[in-house]
Structure formats: C-alpha cells, structure tokens
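Q:
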Amino acid sequence: MSSSFEKHQKRRLISSYFSVVLSIALVLFLLGLLGMLILNAKKVSDHFKEQVVVTIYLKDNAKDVEVKQLEKSLAMADYVKSTEYVSKQQAAEFMKAENGEDFMDFVGYNPLQNSIDVHLKADFVTSEHLEKISAEAINKNFVDEVTYDNDLVNLMNDNVKKISFWVLVISAIFTLIAVLLINSSIRLAVYSKRFTIKTMQMVGATKQFIRRPFVWKSVRLGIIGAVLALIGMAIVLFYLNKTFTELELLSNPILVSLLFVFIFALGIIITWISTHFATQRFLNLKTDQLYY
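Here our numbering is used: the first residue of the sequence shown is 29, the next is one more, and so on.
1) State yes or no: is the C-beta of residue 184 nearer than 6 Å to some heavy atom of the ligand SAM?
2) Residues in the same chain with beta-carbon distance under 7 Å from residue 140, minus the five sequence neighbours each way, listed in chain order, please.
3) Report all residues from its chain with a CB closer than 7 Å to the CB of residue 67; omit the five preceding and five following residues, and keep chain order.
4) Classify residue 77: buried if its beta carbon has 16 or more other beta carbons within 10 angstroms, exposed otherwise.
5) Rounded to whole angstroms, what is the Cα-Cα separation between residue 84 and residue 298?
6) Just to confirm my understanding: we take residue 94, look at its own chain, exclude 5 residues before and 5 after, and list those with CB closer than 8 Å. What are they?
7) Is the beta carbon of residue 250 less than 7 Å from the beta carbon of residue 295?
8) Residues bridged to residue 265 by DSSP?
9) Using DSSP with H/G/I as helix, E/B as strand and the rest coil, what is residue 162?
10) Tell me the residue span of the beta strand (DSSP E) that contains residue 174.
11) How would you label residue 306, buried or exposed, when you count the other beta carbons within 10 angstroms and need 16 or more for buried?
12) What number of angstroms, rounded off, separates the C-alpha of residue 278 from the C-alpha of residue 125?
13) For residue 108, report the span of its alpha helix (DSSP H) as first-last.
14) Consult DSSP for residue 148 and reduce its assignment to one of helix, strand or coil.
15) Hey, how far is the Cα of residue 285 from the Cα of residue 264?
16) Expressed to the nearest angstrom, what Euclidean distance is found between the alpha-carbon atoms of residue 256 and residue 262?
17) Quick check on this structure: which residue in 235, 300, 74, 175 has the alpha carbon closest to the alpha carbon of residue 243?
18) Using three-state DSSP, classify residue 83 as helix, strand or coil.
19) In chain order, what residues of the same chain have a beta carbon less than 8 Å from the beta carbon of residue 202, not counting five sequence neighbours either side?
20) Could you please give me the residues that DSSP links to residue 199 through a beta bridge?
21) Taking DSSP as the reference, what is the three-state secondary structure of residue 279?
22) Alpha carbon to alpha carbon, how far is residue 248 from residue 224? Give it in angstroms, no decimals.
23) Going straight from the alpha carbon of residue 221 to that of residue 48, what length do you get?
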C-alpha cells in the first residue's frame, strides 16, 4: 500500500514539474517572439517605407547629359537609397506584360515618358522630405512631373507610430502575464510539498535551509524551460530569416544574442523569485492553516 502511494505521489510530482517546465517554456517562447518583433519593428517598417517610389518623369526633349547628371546627383544624395532609369520602351513593355495586350496597337504610338524611379532611405520617407525633393526636381527645365503616393506615406507613418505604441503596451501586459503564469505554476508545485515544509520547520530547520532545495529545483526547471524556449525561438528566427531574406533579421547578432541571454536569465530570475515567495508563504502559515 505504501509503495503504491509513493508511486502515486511520484507521478503527481513529475506531472507538476512537467507542467511548470511547459508553462515556463511556452511563456518565455512567446515573450521571446515579442522581443524579436520589438527588435526588428524598425527594420520591418523601414523595409516597407523604402518600397515607396518617387517617379521623376522627363520631357521628350531632355538631353542624355542632363538625365545622366540628374541620376548621378540623386545617387550621391544622402536621402536616396537607389535609382533606376526607366525608358518609355521599358515602360511600354511593362504595361504590356501587366495588361496582357499591347496598347500601342490601338494608340498607334508610345505616349509614355522616360522616367527615373527613386527609392528613398526610410528616415526620409515623410511628406515634408518628399515635398522638398519633389520641388528640387521639378525646378529643372527638362523634368515634366514628379509623382509619389502621399496618402500612402502618411498612412504608413501613422500606422508605424500606432503599431509601435501598441507593441510596447502589449509587451508590458504580456510580461506581467508571463510572471503571473510562471508564479502560479510554481506555487502549485510548492503547495504539494507544504506538509514537508512544515515538518522540516517543526524539527528545527531554518527557513533558509528549507527554502534552498525548492529554489534550486525551480531554478533547474526554469533553465530547462528557458532552453526549450530558446530552441523554439532559434527555429522560428532561422525560418523567418530564410523566408524574408530582405529583412536581414540576423544582421545584428549582438542584439539577437542579448535577447537570448535576456530570455534565459528571465527564466531563472522569475522562478527564483516565485519560489522564494511561495515557500515563504507556507513557512509563515500555522499548521492548521495548511489544510485550507
């Protein structure tokens, strides 16, 4: 009978430890993904901003020397990421490919214009900078028109600000939830040992002596959970970096390493603090209060 009871208690203990490790791993994994999102939020927003194109349409009488000089000055500008000259023939071929038919068969000539597509650096994709760049280009007598999607730029910048704010809010809330979930799991594990704690205290063991094995056990569980979370994060990061190579998620290995160290340390710190207070609670309870 005693052996059967001991096996039952052992299974319950293993199940309790498993739930603690699983809770820690899942919470730290999700917290790590949120951390990766925060670290790469600017990079992602910059990527989308740099897709905005400023198109400079050239007059038909524009000289090659003038066009090349404009291209060179744009390429040297600190606000330009890249430029591309698009001839009217290339533009016609592009429209033909898009529409599936040659519009020049109906028109009889090519009404399109030669142009230069300019991709700006992300920090300069604002209405103010775009207006200034547009004004500088339009002042040249061989430039016919400068176009860009101003509404898209404003919408993008507004959304980036809103998303950044809510990501920070969600991060704070999620961190609090993570601490509460891990703390709850550890308290349940310590609760199953409450009578052992009180027995040790009754025979004269000090609080520090009683608390130490529980803290070390929880820290070991925290390390296991953190390692599992880091493995999951590494797999997701590798997949995302392989799928979205243009984002260059691993371009700053120091920040990524610091995030991994932070998640690992967080697993240890939360379990240590939670176990400390959980054991302290049962150490301060009277014997008759252990049954409630």
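From the three backbone atoms N, C-alpha and C, an ideal C-beta is built for every residue, glycine too. Note that the structure is predicted; figures quoted are calculated from it, not measured.
A: Once the coordinates are examined:
1) You won't find the ligand SAM in this model; it holds no ligand whatsoever.
2) 116, 119, 120
3) Excluding residues within five positions, the ones whose Cβ falls inside 7 Å are 283, 287.
4) If you draw a 10 Å sphere on the C-beta of residue 77, you find 16 or more other C-beta atoms in it, and that means buried.
5) 57 Å
6) Non-local beta-carbon contacts of residue 94 in its own chain, meaning distances under 8 Å to residues more than five positions away in sequence, involve 168, 170 in chain order.
7) yes
8) Its beta-bridge partners do not exist; DSSP assigns none.
9) helix
10) 171–175
11) buried
12) 36 Å
13) No alpha helix (DSSP H) holds residue 108; the beta strand (DSSP E) holding it covers 108–114.
14) DSSP places residue 148 within a strand segment (E or B) once states are collapsed to three.
15) 15 Å
16) 10 Å
17) 300
18) Assigned with DSSP and collapsed to three states, residue 83 falls in strand.
19) 58, 59, 62
20) Residue 199 pairs with nothing; no bridge assigned.
21) Coil at residue 279, not helix or strand.
22) 20 Å
23) 15 Å
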